[in-house]
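Novice:
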Amino acid sequence: MDQRETAQLERGGFAILVALLTLGVVWIAWPFASPLLWAALAAIMFHPLYQWFLSRLGGKANRAAIATLGVITVAVLLPALVIGSMVVEEAAGVVVAFQQGDMNVADWFAHVLGALPENIRASLTSSGLGDLASIQARAQQFLTESAGLIARQAVAFGGGVFGFVLAFGVGLYALFFLLRDGRSIGTAIQRALPLETGVAQAMANRFLAIVRATIKGSVVVGLVQGALGAITFWIAGVPSVILLGVLMAIFSLLPALGPAIIWAPVAIYLLATGAIWQGVLVLVSGVAVIGMADNLLRPVLVGRDTGIPDWIILITTLGGIAAMGLAGIVIGPLLAGLFLAAWSMIHEARPPIADPARQDPA
45 MDQRETAQLE
55 RGGFAILVAL
65 LTLGVVWIAW
75 PFASPLLWAA
85 LAAIMFHPLY
95 QWFLSRLGGK
105 ANRAAIATLG
115 VITVAVLLPA
125 LVIGSMVVEE
135 AAGVVVAFQQ
145 GDMNVADWFA
155 HVLGALPENI
165 RASLTSSGLG
175 DLASIQARAQ
185 QFLTESAGLI
195 ARQAVAFGGG
205 VFGFVLAFGV
215 GLYALFFLLR
225 DGRSIGTAIQ
235 RALPLETGVA
245 QAMANRFLAI
255 VRATIKGSVV
265 VGLVQGALGA
275 ITFWIAGVPS
285 VILLGVLMAI
295 FSLLPALGPA
305 IIWAPVAIYL
315 LATGAIWQGV
325 LVLVSGVAVI
335 GMADNLLRPV
345 LVGRDTGIPD
355 WIILITTLGG
365 IAAMGLAGIV
375 IGPLLAGLFL
385 AAWSMIHEAR
395 PPIADPARQD
405 PA
């Protein structure tokens, strides 16, 4: 074996060793993948705030990171825990009400169906949607499972408080160092990637842009729409407003229908049961306020230059949630954006292919 073959073998062995060590570290750290992911996303989103504190504190990185952590804890984490506990309580109450028969879907359906014009009722009956027993079973199953999912998460949380506290602490601990050393860590990762410098830089910029766009464009707009919906339901006297607001924020991730999946049935029920002004309020607020919030806020927060079509965002968001839970809201569109960016780079690097139909036949 000559010197060149020996060098190639050594490089190959080193590459295999690095791959095995990387897989080992990922395997060991996997139980904390979720808090580490959210810590990295929070570090990206709150890096401008860290830089602001850094300039005000004379370049002292530790103090700037601690101050940023304090703002995140007070402004984000504590309100999220309070709202989460309220949602769990309301979801558990909905499940108990269904189990005890206090909430009767048959009465709701009868009110709504009786308020419709005769021709619409005939159309619903002919299409099978006028079957009270079938509609009741489907609606009650959907509502029970939707609220029951949150209730089951509460039970799981109650059974694993130590694990939650540990993961929470690991996330905050990692967030401190990601805020303080995030720029140098990103540069080191970028240099270590087996890619050309220009490609690695472009992918890194695309990664940061998609993360910020996804969080600001989806999470922030969803929270605004959910809050507006909860306020509307509270004014109209609808029960479980926190639960409905959170569900509206979740459904706002879906393009086209979005929050209307929640407020439209509520408005129909209120109108059918004689609560006219309440139903009109929910309907007007849903169309003119909640529905317009996305059109007004998204261009301001994000812009229209993310380069990901709405139908791809829908598929990847739903697929991400199904595969990874709440983290899939960000991971799904992020992978889609990087996928499109990579193929766009391949397309730009290759020379254009001549179209035979446009060639001169002479």
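When we follow my numbering, the leftmost residue of the sequence shown carries the number 45, and every step to the right adds one. Yeah, the Cβ is synthetic: ideal placement off N, Cα and C, and Gly gets one too.
Consult DSSP for Gly102 and reduce its assignment to one of helix, strand or coil.
Specialist: To locate residue 102, count along the sequence shown from 1; it is residue 58. Reduced to three states, the DSSP call for Gly102 is coil.
Novice: For Leu85, which residues from the same chain have a beta carbon less than 8 Å from its beta carbon, with the 5 sequence-adjacent residues on both sides left out?
Specialist: For the purposes of this step, residue 85 is identified with residue 41 of the sequence shown, where counting begins at 1. Same-chain partners within the cutoff: Val255, Ile259 and Val374.
Novice: Would Leu288 pass as a contact of Ala274 if the rule is Cβ separation under 8 Å?
Specialist: The residue labelled residue 288 in the question sits at position 244 within the sequence shown. The residue labelled residue 274 in the question sits at position 230 within the sequence shown. In contact: Leu288 and Ala274 (Cβ atoms closer than 8 Å).
Novice: To the nearest angstrom, how far is it from the Cα of Gln52 to the Cα of Ile60?
Specialist: By one-based count along the sequence shown, residue 52 stands at place 8. By one-based count along the sequence shown, residue 60 stands at place 16. Using only the alpha carbons, I get a separation of about 12 Å.
Novice: Quick one: give me the first and last residue of the alpha helix (DSSP H) that Thr117 is part of.
Specialist: On the sequence shown, residue 117 is found 73 positions in, with the first residue counted as 1. Unbroken run through Thr117: none, as it is neither H nor E.
Novice: Hey, is the segment 262-280 in contact with the segment 242-250, meaning 3+ C-beta pairs nearer than 8 Å?
Specialist: These segments do not touch.
Novice: For the putative contact between Pro303 and Ile334, defined by C-beta atoms under 8 Å, what is the C-beta separation to the nearest angstrom?
Specialist: Counting from one through the sequence shown, the residue named residue 303 turns up at place 259. Counting from one through the sequence shown, the residue named residue 334 turns up at place 290. Correct: roughly 5 Å between the Cβ atoms.
Novice: Which two residues bound the contiguous alpha helix (DSSP H) that contains Thr50?
Specialist: Against the sequence shown, residue 50 aligns to sequence position 6. Note, Thr50: alpha helix (DSSP H), Gln47 to Ala73.
Novice: Indicate the three-state DSSP secondary structure (helix, strand or coil) for Ser78 in the structure shown.
Specialist: In the sequence shown, counting from the first residue as 1, residue 78 sits at position 34. Helix, per DSSP.
Novice: So Ala319 is in the alpha helix (DSSP H); what residue range does that whole segment cover?
Specialist: Numbered from its first residue, the sequence shown carries residue 319 at position 275. Note, Ala319: premise wrong, no alpha helix (DSSP H); not H, not E.
Novice: Of all the options Leu325, His91, Met336 and Ile127, which has the alpha carbon lying nearest to the alpha carbon of Gly111?
Specialist: Counted from its first residue, the sequence shown places residue 111 at position 67. Rather than Gly, the amino acid found at residue 111 in this sequence is Ala. Minimum Cα distance to Ala111 is reached at His91.
Novice: For the alpha helix (DSSP H) that contains Ala257, what are its first and last residues?
Specialist: In the sequence shown, the residue the question calls residue 257 occupies position 213. Per DSSP, Ala257 belongs to the alpha helix (DSSP H) from Thr241 to Thr258.
Novice: Less than 8 Å between the C-beta atoms of Leu101 and Ala109, yes or no?
Specialist: Position 57 of the sequence shown, counted from the first residue, corresponds to residue 101. Position 65 of the sequence shown, counted from the first residue, corresponds to residue 109. The answer is no: Cβ separation not under 8 Å.
Novice: Look up Gly202 in the DSSP assignment and say whether it is helix, strand or coil.
Specialist: If you number the sequence shown from 1, residue 202 lands on position 158. Because the pLDDT of Gly202 is 45, which lies under 50, any placement of that residue in the model is unreliable, and the question is left without a value.
Novice: So what's Ser284 in DSSP terms, helix, strand or just coil?
Specialist: Counting from 1 along the sequence shown, the entry for residue 284 is found at position 240. Coil, per DSSP.
Novice: Roughly how many whole angstroms lie between the Cα atoms of Gly332 and Val131?
Specialist: Walking along the sequence shown from the start, residue 332 turns up at place 288. Walking along the sequence shown from the start, residue 131 turns up at place 87. Note that residue 332 is Ala in the sequence shown, not Gly. Roughly 26 Å separates the two Cα atoms.
Novice: With 16 as the cutoff for other CB atoms within 10 Å, does Val282 come out buried or exposed?
Specialist: Here the question's residue 282 lines up with position 238 in the sequence shown. By the 10 Å Cβ count, Val282 comes out buried.
Novice: Enumerate in chain order the residues of its own chain whose CB-to-CB distance from Leu98 is below 8 Å, with the five nearest sequence positions on each side excluded.
Specialist: On the sequence shown, residue 98 is found 54 positions in, with the first residue counted as 1. Correct list, in chain order: Lys104, Ala105 and Ala108.
Novice: Quick check on DSSP: helix, strand or coil for Ser228?
Specialist: Position 184 of the sequence shown, counting from 1, holds the residue named residue 228. The answer is helix: DSSP assigns Ser228 an H, G or I state.
Novice: Going by Cα to Cα distance, which pick from Leu93, Gly114 and Gly213 is closest to Phe76?
Specialist: In the sequence shown, residue 76 corresponds to position 32, counting from 1. Of the candidates Leu93, Gly114 and Gly213, the one whose C-alpha sits nearest the C-alpha of Phe76 is Gly213.
Novice: Give the DSSP-derived three-state secondary structure of Leu85 in the structure shown.
Specialist: Position 41 of the sequence shown, counting from 1, holds the residue named residue 85. Note: Leu85 maps to helix in three-state DSSP.
Novice: My understanding is that Val268 touches Leu341, with C-beta atoms under 8 Å, so please give their C-beta distance in whole angstroms.
Specialist: The residue labelled residue 268 in the question sits at position 224 within the sequence shown. The residue labelled residue 341 in the question sits at position 297 within the sequence shown. The pair is a contact, with the Cβ atoms about 6 Å apart (cut-off 8 Å).
Novice: Is it right to say Trp387 is buried, meaning 16 or more other beta carbons lie within 10 angstroms of its own, or is it exposed?
Specialist: Residue mapping note: residue 387 aligns to position 343 of the sequence shown, counting from 1. Result: exposed.
Novice: Below 8 Å on the Cβ atoms is my guess for Val115 versus Leu80; work out the distance and round it to an integer in Å.
Specialist: Within the sequence shown, numbered from 1, the residue matching residue 115 stands at position 71. Within the sequence shown, numbered from 1, the residue matching residue 80 stands at position 36. Rounded, the Cβ-Cβ distance is 21 Å, inconsistent with contact.
Novice: Give a yes or no on whether the C-beta atoms belonging to Leu222 and Ala73 are separated by under 8 Å.
Specialist: As a working mapping, residue 222 is identified with position 178 in the sequence shown. As a working mapping, residue 73 is identified with position 29 in the sequence shown. No. Outside cutoff.
Novice: I'd like to know whether the C-beta atoms of Ser78 and Ala293 end up nearer to each other than 8 Å.
Specialist: Here residue 78 corresponds to residue number 34 of the sequence shown, with the count starting at 1. Here residue 293 corresponds to residue number 249 of the sequence shown, with the count starting at 1. Going by C-beta atoms, Ser78 is not nearer than 8 Å to Ala293.
Novice: Any beta-carbon of chain D closer than 8 Å to the one on Gly335?
Specialist: No chain D appears in this structure, which consists of one protein chain only.
Novice: Taking the CB atoms as reference points, tell me whether Leu243 and Asp338 lie closer together than 8 Å.
Specialist: As a working note, residue 243 is residue 199 in the sequence shown. As a working note, residue 338 is residue 294 in the sequence shown. Residue 243 is actually Val in this sequence, not Leu. Result no, Cβ atoms of Val243 and Asp338 do not sit closer than 8 Å.
Novice: Since Val326 and Ala316 should fall inside the 8 Å C-beta cutoff, what is the C-beta to C-beta distance between them, to a whole number of angstroms?
Specialist: Within the sequence shown, the letter at position 282 stands for residue 326. Within the sequence shown, the letter at position 272 stands for residue 316. Not quite, the Cβ-Cβ distance comes to about 12 Å (not below 8 Å), so this is no contact.
Novice: Out of Trp278, Leu362, Gly364 and Ile356, state which residue places its alpha-carbon closest to the alpha-carbon of Gln322.
Specialist: Locating residue 322 in the sequence shown gives position 278, where the first residue counts as 1. Residue Trp278 is the option with its Cα nearest to Gln322.
Novice: Going straight from the alpha carbon of Ala319 to that of Gly363, what length do you get?
Specialist: Position 275 of the sequence shown holds residue 319. Position 319 of the sequence shown holds residue 363. Going by the C-alpha atoms only, they are around 38 Å apart.
Novice: Would you report the Cα separation of Ser329 and Ile306, rounded to the nearest angstrom?
Specialist: For this step, residue 329 is matched to residue 285 along the sequence shown. For this step, residue 306 is matched to residue 262 along the sequence shown. If you take the alpha carbons of Ser329 and Ile306, they lie about 13 Å apart.
Novice: Under the rule that 16 or more other beta-carbon atoms within 10 Å means buried, what is Ala200, buried or exposed?
Specialist: Looking up residue 200 in the sequence shown gives position 156. With a pLDDT of only 47 at Ala200, under 50, the local geometry of the prediction cannot be trusted, and no value is derived from it.
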